[in-house]
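In this note's numbering, the protein residues as written are 400 to 489.
Don't be surprised by glycine CBs; every beta carbon is placed ideally from N, CA and C.
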């Protein structure tokens, strides 16, 4: 089923593109959803795109690894505007 990870369907207005222009339309921006398998070559390609400014990841927040449970719970109960990143100390 198309929709979010919780199985909710997108609102019909979102599918038809009606209503007020969204931020991306007002700023002539676009987004693409994609999944990358975690392999070295794929990660290097993404890193290069970020460094070139051709890809801008959207990060909601960065939390220390010790707060991993809180991050997971936030995924279940909140709407994020980007990814939640867990920072691993060196």
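With distances taken Cα to Cα, identify the nearest neighbour of residue i among the options.
{"i": "residue 428", "options": "482, 453, 446", "result": "453"}
{"i": "residue 488", "options": "445, 440, 463", "result": "463"}
So residue i and residue j are supposed to be a Cβ contact under 8 Å. How far apart are they, rounded?
{"i": "residue 486", "j": "residue 458", "result": "Not confirmed; about 11 Å, so no contact."}
{"i": "residue 483", "j": "residue 473", "result": "6 Å"}
Who pairs with residue i in a beta bridge, going by DSSP?
{"i": "residue 463", "result": "486"}
{"i": "residue 458", "result": "482"}
Starting from residue i, trace the alpha helix (DSSP H) in both directions and tell me its first and last residue.
{"i": "residue 446", "result": "439-450"}
Can the beta-carbon of residue i be found closer than 9 Å to that of residue j?
{"i": "residue 439", "j": "residue 456", "result": "no"}
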